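*Asks:*
Number of protein chains: 2
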Amino acid sequence: MPETELPVVGFHPYLWGDPAHHGGLSPAILAALSALGVTAPARPAAEPASVPLPPVALPDSARAALESLVGAEHVDSGHDARLAHTRGWSTPDLLRLRGGDAADAPDAVVFPGSHDEVVAVLRVCAEHRIAVVPYSGGTSVVGGLAPARAGFAGVVTLDLRRLDALVEVDPVSRTAVLQAGLRGPEAERLLREHGLTLGHFPQSYEGASIGGYAAARSAGQSSAGYGRFDEMVVGLVLATPRGTVELGTAPKSAAGPDLRQLVLGSEGVLGVITSVRVRVRPVPAERVFEGWRFPSFEAGADALRQLAQDGPLPTVLRLSDELETAINLADPAAAGFGDGPGGCLAITGYEGGAAEVAARRAAATEALLAAGGTALGPGPGESWREGRFRAPYLRDPILAAGGLVETLETATFWSGLHRLRAAVSEALTTELTGRGTPPVVLCHISHVYETGASLYFTVVCAQAADPLAQWAAAKTAANRAIRSCGAAITHHHGVGTDHRAAYAEEIGPLAVAALRAVKQALDPAGILNPGVLLPPPGG
Amino acid sequence: MPETELPVVGFHPYLWGDPAHHGGLSPAILAALSALGVTAPARPAAEPASVPLPPVALPDSARAALESLVGAEHVDSGHDARLAHTRGWSTPDLLRLRGGDAADAPDAVVFPGSHDEVVAVLRVCAEHRIAVVPYSGGTSVVGGLAPARAGFAGVVTLDLRRLDALVEVDPVSRTAVLQAGLRGPEAERLLREHGLTLGHFPQSYEGASIGGYAAARSAGQSSAGYGRFDEMVVGLVLATPRGTVELGTAPKSAAGPDLRQLVLGSEGVLGVITSVRVRVRPVPAERVFEGWRFPSFEAGADALRQLAQDGPLPTVLRLSDELETAINLADPAAAGFGDGPGGCLAITGYEGGAAEVAARRAAATEALLAAGGTALGPGPGESWREGRFRAPYLRDPILAAGGLVETLETATFWSGLHRLRAAVSEALTTELTGRGTPPVVLCHISHVYETGASLYFTVVCAQAADPLAQWAAAKTAANRAIRSCGAAITHHHGVGTDHRAAYAEEIGPLAVAALRAVKQALDPAGILNPGVLLPPPGG
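Same order as they appear, the protein sequences are chains A and B.
Start counting the first sequence at 1; every next residue gets the next number (our numbering).
Start counting the second sequence at 1; every next residue gets the next number (our numbering).
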């Protein structure tokens with residue numbers, strides 16, 4: 001079996017993001033971990049080369065069919081390829097791999113070269129009853145890459161990295177067609193050659209890709225200005241085992257339900273999004289980021305709500321609670337757990353034409369001052385901007401040091417926001433404290449809408465003897481709190497397998513039946529990401 | 001059978017809108033019709049009381065079950081109720097009723113009083129295989145109220161007018177829960193008691209209702225500022241024969257596909273929307289409407305595109321082509337076919353807080369001047385605003401005079417807009433001229449987006465001997481042109497039965513199969529609006 005010619009592992013198989021950005025922990029973080037009861041480092045992580053993989057289960061006939069479709073060099077069952085495509089980047093995913101558990105490794109990684117090859121691969125896999133995991137960035141933090149194997153002859157990961165073209169630019173309509181395998185930075189680089197940008201910068205930007213943005217309904221850090229990814233998509237092409245679905249004849253229409261919104265967020269269970277037509281914008285001429293302090297989270301949230309409802313909206317608008325603020329302001333670069341200057345830090349960012357930015361910033365500044373904000377100038381804003389993809393890099397060294405860190409997020413309407421924040425914080429704190437590992441729970445608002453906002457929680461505590469069970473219990477408690485508040489089980493991480501049960505509860509049995517029916521229509525053999533989003537057959 | 005206590009006919013059964021606003025035609029219009037070859041008035045319209053209705057086909061057991069659910073006084077098989085609920089307000093609908101054809105009359109009109117009663121009625125109808133036409137405003141112009149009867153024991157119209165409550169106002173989140181049977185003006189009146197507005201003003205505003213806005217994915221004349229109705233809906237409750245679906249835990253989320261967008265635009269075939277949670281806004285303190293002239297449609301479209309892409313967006317933004325402009329400016333009140341002063345008329349409207357409106361208007365004015373526009377002041381703007389619900393009232397007297405008038409609309413991306421306009425105009429002109437009735441075809445842009453816009457066509461010509469066949473041929477030609485340009489078969493009128501075939505072509509057979517699967521899951525007996533949106537069973 002030839003190893004693929006493509007570089008399979010641009011990233012370490014189980015360290016977050018770009019290996020070049022990994023480093024140690026600051027003395028402040030180490031002291032904080034100690035204060036949380038971390039007494040000894042965790043067991044050293046297994047070396048990638050020595051992690052045992054399950055035997056390859058792919059039937060020879062299926063392999064031969066796949067190789068004839070995409071070329072033998074694009075079907076890879078080598079150790080490195082399989083390990084690199086095992087699960088995603090959640091803390092449980094990392095913990096399992098660090099512990100040497102790669103039971104979810106695919107039997108092979110297939111690298112199709114075109115939309116038509118994707119359709120053909122899906123047909124072959126349906127014939128042979130091979131489960132298929134669509135994969136573009138591989139950055140899921142909700143178990144979106146761990147399919148149910150039961151009842152299948154094998155599992156292949158469909159890695160879309162060869163679908164990496166900027167297919168078309170329409171400068172008049174300001175749209176571009178991007179293929180699914182393009183990672184964020186590469187898509188931006190290609191668009192910038194035309195003076196354009198997507199403006200989509202989720203925290204996973206370095207690793208995540210266009211197909212994942214679409215399939216998981218991503219929201220970037222500049223969503224206030226550029227919108228969510230589902231608002232950027234005006235057209236898409238979906239490969240299914242039964243053929244192709246192509247959607248998007250106009251920005252908006254009354255031609256039936258907006259089926260684009262049925263595919264967006266479908267997490268690979270209805271088909272494989274191979275390209276999207278997205279709204280793009282000119283690369284901004286001007287960019288200003290600033291910090292603001294509010295006396296309390298409630299006061300800051302009121303200010304954000306006012307901007308979201310009455311305008312003008314900055315391009316980036318965020319608010320940290322008191323504890324997260326203390327950490328950020330004490331040492332923004334290292335995010336050390338020091339004592340901050342009190343209050344809550346908000347970040348405002350403005351991007352656009354010079355005159356437009358000046359006008360918008362002036363009006364927003366006036367509103368923020370009137371709402372009780374104190375301007376902190378560009379320092380904290382620029383710090384946030386420079387470090388905005390860095391926080392997840394702290395996770396690996398914290399895990400190694402014996403700490404546990406994970407994030408979760410939700411969204412609700414403004415009138416329920418503070419109740420939701422209190423309920424989730426309390427659930428996490430009670431559960432983890434009860435298990436002997438009292439946590440620190442940080443929270444921020446990172447996405448605002450006229451009618452509501454998201455809440456993003458970061459949880460840090462000492463690792464228990466069984467950190468997987470420890471986090472599962474904490475997560476279950478948080479999910480229960482979210483559900484009891486009637487909030488969304490996820491704002492931008494997605495459903496995957498981790499949120500599947502809560503998601504079914506959120507939309508109810510009839511809506512689950514409707515989704516199952518769509519899946520049955522497009523994927524009658526049920527091979528696409530079984531167990532993700534919806535319970536697996538018989539599950 | 002008792003007649004319902006509720007006023008069944010707020011409107012004439014087959015004249016558009018409020019009877020109080022009906023009148024004659026100006027001499028200019030009569031002259032224009034004459035120039036189009038109209039030589040004699042049409043046959044007089046049948047008197048409502050003398051229009052024959054098909055025998056009532058409802059089985060006694062079904063009627064008894066329905067009466068026991070909602071009360072005998074809320075099941076009406078009287079002539080007036082049946083005739084008033086026969087079809088909608090399209091020109092073919094009016095032509096048929098004027099000609100005394102009420103073959104599509106329902107067997108009974110049922111007036112449920114609550115969501116639970118709607119669910120119960122649907123269950124009973126599923127058991128008895130009675131087709132159900134959900135009805136709130138009854139203003140469909142695409143045959144959305146003419147179900148396929150074949151295979152059903154009867155047809156009932158489910159009139160939601162008793163679901164007319166403003167259920168809840170959340171001033172912090174700026175949301176309101178409105179029941180489906182509220183007509184536009186009544187919803188606005190209730191919201192205004194709280195200082196709030198939806199800002200949703202489609203041309204059918206006087207008759208259309210909340211449930212129809214949602215089910216048909218309505219777009220109002222102020223969509224640039226307030227958004228489309230599908231953008232206002234943050235939650236909804238759907239009654240289906242299998243029970244209730246309740247959606248909307250947050251403004252936006254990544255919790256799977258956005259199933260709200262699967263229900264919106266589903267035109268009653270997946271269930272009956274009984275209430276929606278909508279984003280609302282404060283009643284605007286300031287309101288300014290103005291006219292602009294552009295030397296050509298292309299120049300005006302470029303100016304609109306610039307505002308849509310680079311901002312600021314007025315609340316209302318429209319552009320008429322040269323011919324529509326000539327008509328509008330010659331006599332805005334009567335819309336007579338006189339000679340105008342040339343060029344293309346654009347309307348800009350601004351609503352909001354005084355300072356915000358002033359700033360937005362100043363920036364938009366600068367952009368429109370730079371784009372070659374000539375400011376015409378508030379005169380044409382106010383004229384448009386005052387007359388904005390009046391144009392459809394001309395249809396009935398034009399039909400009576402022997403003319404034929406109808407509208408159709410589409411949407412596409414900016415780069416294809418002029419090609420689309422030319423193709424549709426040419427298709428209509430060629431088809432109708434070839435049939436001996438050369439038309440006048442007017443066009444305007446009424447809804448703009450960053451990536452594209454809508455086109456709205458008005459067609460006037462002399463009535464042929466068989467005006468239904470005449471219009472069907474013209475419409476088929478227009479649909480073919482729209483499809484050949486890859487545009488949306490409808491921007492805001494909906495699919496109904498009139499666009500069903502073109503819609504299936506637009507989304508393709510796999511997407512149709514997916515929608516059918518959803519319908520099968522929620523409405524296994526297929527009783528909901530059979531033949532609307534999707535082909536009827538076996539069709």
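Virtual Cβ for every residue (Gly too), placed ideally from N, Cα, C.
Computed from a prediction, not measured in an experiment: that's the story for all the values here.
1) So with CB distances below 8 Å, who are the chain A contacts of L307(B)?
2) Could you pull the start and end residues of the beta strand (DSSP E) that L533(A) belongs to?
3) Drop a sphere of 10 angstroms on the beta-carbon of L394(A), count the other beta-carbons inside from all chains shown, and report buried for 16 or more, exposed for fewer.
4) Can you check which of these residues, H21(A), V278(A) and G416(A), is closest to T451(A) by C-alpha distance?
5) Grab the span of the alpha helix (DSSP H) containing L313(A) for me, first residue to last.
6) Report all residues from its chain with a CB closer than 8 Å to the CB of A346(A); omit the five preceding and five following residues, and keep chain order.
7) Helix, strand or coil for F297(A)? Go by DSSP, reduced to three states.
8) Can you grab the Cα-Cα spacing for the pair A224(A) / Y456(A), in whole Å?
9) Among V278(A), P41(A) and L404(A), whose alpha-carbon lies nearest the alpha-carbon of L166(A)?
10) My output table needs one value for W292(A): the three-state DSSP class, helix, strand or coil.
11) Give a yes or no on contact between the segment 72-80 of chain A and the segment 104-117 of chain A, applying the rule of three or more CB pairs nearer than 8 Å.
12) Using the rule of at least 16 other Cβ atoms within 10 Å of the residue's Cβ for burial, across every protein chain shown, is G436(A) buried or exposed?
13) Roughly how far, in whole angstroms, is the beta-carbon of G235(A) from the beta-carbon of G256(A), given that I think they are within contact range, below 8 Å?
14) Check for me: the alpha helix (DSSP H) holding H418(A) runs from which residue to which?
15) Starting from the C-beta of G58(A), find all residues in its chain whose C-beta is less than 6 Å away, skip the five residues before and the five after it, and write them out in chain order.
16) Using DSSP's beta-bridge definition, name the partner residues of F457(A).
17) According to DSSP, is E206(B) part of a helix, a strand, or is it coil?
18) Taking its Cβ as the centre, do 16 or more other Cβ atoms sit within 10 Å of E366(B), making it buried, or is it exposed?
19) Using the rule of at least 16 other Cβ atoms within 10 Å of the residue's Cβ for burial, across every protein chain shown, is P380(B) buried or exposed?
20) Checking contacts by CB at 8 Å: is A180(A) closer than that to chain B?
21) Against chain A, with Cβ distances strictly below 8 Å, would A334(B) count as a contact?
22) Using beta-carbon positions only, say whether I445(A) and A126(A) come within less than 8 Å of one another.
23) Under 8 Å, Cβ to Cβ, is there at least one residue of chain A near D93(B)?
24) Check the Cβ of E246(B) against every Cβ in chain A and list those closer than 7 Å, keeping chain order.
25) Tell me the DSSP bridge mates of G235(A)?
26) The segment 496-529 of chain B: which residues have C-beta closer than 9 Å to a C-beta of chain A, in chain order?
27) Out of L30(A), D230(A), L158(A) and L522(A), point me to the one whose CA is closest to L264(A)'s CA.
28) Please state whether the Cβ-Cβ distance between A146(A) and R87(A) is less than 8 Å.
29) Whole angstroms is fine: what's the gap from S454(A)'s alpha carbon to L163(B)'s?
30) Do we get a CB-CB distance below 8 Å when we pair Y14(A) with the residues of chain B?
31) D523(A): buried (16+ other C-beta within 10 angstroms of its C-beta) or exposed?
32) Determine the burial state of D93(B): buried for a count of at least 16 other Cβ atoms within 10 Å of its Cβ, exposed for fewer.
33) Once DSSP output is grouped into helix, strand and coil, what is the label at Y14(B)?
34) Sort out for me which residues DSSP pairs L178(B) with in a bridge.
35) Which residues bound the alpha helix (DSSP H) around E188(A)?
36) How far does the alpha helix (DSSP H) with L559(A) in it extend, from its first residue to its last?
*Replies:* The answer reads as follows:
1) By one-based count along the second sequence, residue 307(B) stands at place 307. The contacting residues do not exist; L307(B) stays about 12 Å from chain A at best.
2) Locating residue 533(A) in the first sequence gives position 533, where the first residue counts as 1. No beta strand (DSSP E) holds L533(A); DSSP gives it neither H nor E.
3) Taking the first sequence and counting its residues from 1, one reaches residue 394(A) at position 394. So L394(A) counts as buried.
4) Within the first sequence, numbered from 1, the residue matching residue 451(A) stands at position 451. Considering only alpha carbons, the answer is G416(A).
5) Here residue 313(A) is taken as the residue at index 313 of the first sequence, counted from 1. The continuous stretches of alpha helix (DSSP H) do not include L313(A), and DSSP gives it neither H nor E.
6) As a working mapping, residue 346(A) is identified with position 346 in the first sequence. Excluding positions up to five away in sequence, the list reads G291, W292, R293, F294, G300, A303, L304, L317, R318, L319, S320, L368 and G373.
7) For the purposes of this step, residue 297(A) is taken as the residue at position 297 of the first sequence. Residue state, collapsed to three classes: helix.
8) Along the first sequence, one-based indexing puts residue 224(A) at 224. Along the first sequence, one-based indexing puts residue 456(A) at 456. The straight-line gap from Cα to Cα measures roughly 16 Å.
9) For the purposes of this step, residue 166(A) is taken as the residue at position 166 of the first sequence. The candidate whose alpha carbon is nearest that of L166(A) is V278(A).
10) On the first sequence, residue 292(A) is found 292 positions in, with the first residue counted as 1. Reduced to three states, the DSSP call for W292(A) is strand.
11) Because the criterion of three Cβ pairs below 8 Å is met, the segment 72-80 of chain A and the segment 104-117 of chain A touch.
12) The sequence position of residue 436(A) within the first sequence is 436, counting from 1. Classification of G436(A): exposed, given that the 10 Å Cβ count is below 16.
13) The sequence position of residue 235(A) within the first sequence is 235, counting from 1. The sequence position of residue 256(A) within the first sequence is 256, counting from 1. Wrong, their Cβ atoms sit about 15 Å apart, outside the cutoff.
14) Taking the first sequence and counting its residues from 1, one reaches residue 418(A) at position 418. Taken as a continuous stretch (DSSP letters only), the alpha helix (DSSP H) holding H418(A) covers L417 to G434.
15) By one-based count along the first sequence, residue 58(A) stands at place 58. It is worth fixing the name first, because residue 58(A) is Leu in this sequence and not Gly. Excluding residues within five positions, the ones whose Cβ falls inside 6 Å are D107, A108 and G154.
16) The residue given as residue 457(A) occupies position 457 in the first sequence. According to DSSP, F457(A) bridges with L408(A) and C443(A).
17) What you label residue 206(B) is simply residue 206 of the second sequence in a count that begins at 1. Three-state DSSP puts E206(B) in coil, outside helix and strand.
18) In the second sequence, residue 366(B) corresponds to position 366, counting from 1. E366(B) comes out exposed.
19) The residue labelled residue 380(B) in the question sits at position 380 within the second sequence. With 16 or more Cβ atoms within 10 Å of its Cβ, P380(B) is classed as buried.
20) Position 180 of the first sequence, counting from 1, holds the residue named residue 180(A). Chain B, which has no Cβ nearer than 8 Å to the Cβ of A180(A), makes this no.
21) In the second sequence, residue 334(B) corresponds to position 334, counting from 1. In this prediction, A334(B) scores a pLDDT of 38, lower than 50, which makes its location untrustworthy; no coordinate-derived value is stated.
22) Start at 1 with the first residue of the first sequence, and residue 445(A) comes out as number 445. Start at 1 with the first residue of the first sequence, and residue 126(A) comes out as number 126. Cβ atoms of I445(A) and A126(A): not closer than 8 Å.
23) Taking the first residue of the second sequence as 1, we reach residue 93(B) at position 93. D93(B) does not count as touching chain A.
24) Residue 246(B) sits at position 246 when you count from the first residue of the second sequence. Under the 7 Å cutoff, chain A gives G508.
25) What you label residue 235(A) is simply residue 235 of the first sequence in a count that begins at 1. Answer by DSSP bridge pairing, in chain order: R277(A).
26) H499, A502, Y503, E506, I507, G508, P509, L510, A511, A513, A514, L515, R516, A517, V518, K519, Q520, A521 and L522
27) For this step, residue 264(A) is matched to residue 264 along the first sequence. The shortest C-alpha separation from L264(A) is found at D230(A).
28) Counted from its first residue, the first sequence places residue 146(A) at position 146. Counted from its first residue, the first sequence places residue 87(A) at position 87. Yes; because the gap between Cβ atoms is below 8 Å, this pair is in contact.
29) By one-based count along the first sequence, residue 454(A) stands at place 454. By one-based count along the second sequence, residue 163(B) stands at place 163. Annotation: S454(A) to L163(B) spans about 32 Å, alpha carbon to alpha carbon.
30) For the purposes of this step, residue 14(A) is taken as the residue at position 14 of the first sequence. No, because no Cβ of chain B sits closer than 8 Å to the Cβ of Y14(A).
31) The count along the first sequence starts at 1 and reaches residue 523(A) at position 523. Buried, because 16 or more other Cβ atoms sit within 10 Å of the Cβ of D523(A).
32) By 1-based counting over the second sequence, the position of residue 93(B) is 93. The residue is buried, with at least 16 neighbouring Cβ atoms inside 10 Å.
33) Here residue 14(B) refers to the residue found at position 14 when the second sequence is read from its first residue. The answer is coil: DSSP assigns Y14(B) none of H, G, I, E or B.
34) Taking the second sequence and counting its residues from 1, one reaches residue 178(B) at position 178. The partner list for L178(B) (beta bridge, DSSP) reads L166(B) and V276(B).
35) In the first sequence, the residue the question calls residue 188(A) occupies position 188. Per DSSP, the unbroken alpha helix (DSSP H) holding E188(A) starts and ends at G184 to R192.
36) Nothing in the structure corresponds to residue 559(A), since chain A is present only between 1 and 539.
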